[in-house]
Amino acid sequence: MDHGSLDSRMISKRHSLQARYEGDQSAQPLEVPKSEASLTHRSPHLREKHLPGPDTIDWLDESGALYHHEGPYDATLLARNTCLANSPVEAVKTSNEEALKATPREKIRDALEKHRPLDGVAIVRSGDRDFSGRRMEYEEGSDLMIEEGNYKRWSGVEYLPGDLKGKGEPSYTVEMSLKELKSRHRRGVSEPTSATELADMASTPRSNLAQRSSTGGRLSEGFRRRFGSLIKNF
1 MDHGSLDSRM
11 ISKRHSLQAR
21 YEGDQSAQPL
31 EVPKSEASLT
41 HRSPHLREKH
51 LPGPDTIDWL
61 DESGALYHHE
71 GPYDATLLAR
81 NTCLANSPVE
91 AVKTSNEEAL
101 KATPREKIRD
111 ALEKHRPLDG
121 VAIVRSGDRD
131 FSGRRMEYEE
141 GSDLMIEEGN
151 YKRWSGVEYL
161 PGDLKGKGEP
171 SYTVEMSLKE
181 LKSRHRRGVS
191 EPTSATELAD
201 MASTPRSNLA
211 QRSSTGGRLS
221 EGFRRRFGSL
231 IKNF
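Position 92 of the sequence shown, counting from 1, maps to 92 under the UniProt record's numbering, and the rest follow consecutively.
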């Protein structure tokens, strides 16, 4: 092998890995994430007293020494929110306040006491009352399901205004009818709503109640068969 040609190839390769301009790090790709990490993980949260210890998930890693694997919730740590200018929590303060306005208090209390993510946001429409009778007052945003156009809409299929998931007809009507029938049957048999109904149930023999329940079951079964035949013939 010609040593001269080998040396020339090594020299050319060495020159090809040099920076093309000041600040160019393409020749050192591993230095880019290191520099970005050093910028985003500046003090004081890098001090030892601010470093979070291993959590339950971290203890599952048996590949080496225990350390904390960062996740999305690390942005809420106190060390990351010491300055309002670059605080992640402060950046979403307004949206968090609106989300709390649209969430029933029971859901907020459940998230705080059980240490779980907040759910039930906007589960009650603005102007309606929540589980405890409190009126919900918040500004409703746009519906992303239908804001930029019809969601899951196919030509030749009829869609009702309340069909947000794009089920089409007659599937949407059949499903809503079955839900309403089930809800009526449940309220009529197991959840009397007035004192008169409670008195009637108290004075009605058990055999009559069982007969009424079986009759309701036969009616609901008949409706299901009828709607099923409509779907097949559609």
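Glycine included, C-beta positions come from ideal geometry on N, C-alpha and C.
Through-space distance from R134 to R105, alpha-carbon basis: 9 Å
Taking its Cβ as the centre, do 16 or more other Cβ atoms sit within 10 Å of V124, making it buried, or is it exposed? buried
CA-CA distance, A122 and D55? One Cα belongs to A122, the other to D55, and the distance between them is close to 32 Å.
Nearest-angstrom Cβ-Cβ length linking H68 and D58, presumed shorter than 8 Å: 6 Å
So, at 7 Å on beta carbons, what are the nonlocal neighbours of F131 in its own chain, with the 5 sequence-adjacent residues on each side left out? Counting only Cβ-Cβ distances below 7 Å, and skipping sequence neighbours, we find P104, E106.
What residues are listed by DSSP as bridge partners for R129? For R129, which the question treats as bridged, DSSP gives the partners R135.
In whole angstroms, give me the CA-to-CA distance for N81 and P117. 20 Å
Can you tell me whether A85 is buried or exposed? The criterion is at least 16 other CB atoms within 10 Å of its CB, across all chains shown. exposed
Are the beta-carbon atoms belonging to R153 and G166 less than 8 Å from one another? Result yes, Cβ atoms of R153 and G166 sit closer than 8 Å.
Using C-beta distances below 7 Å, list every residue in its chain close to Y172, excluding the 5 sequence neighbours before and after it, in chain order. L160, D163
Pop quiz: A102 and Y138 are said to be a contact at Cβ under 8 Å. What is the actual Cβ separation, rounded to whole angstroms? Contact holds; Cβ gap of about 4 Å.
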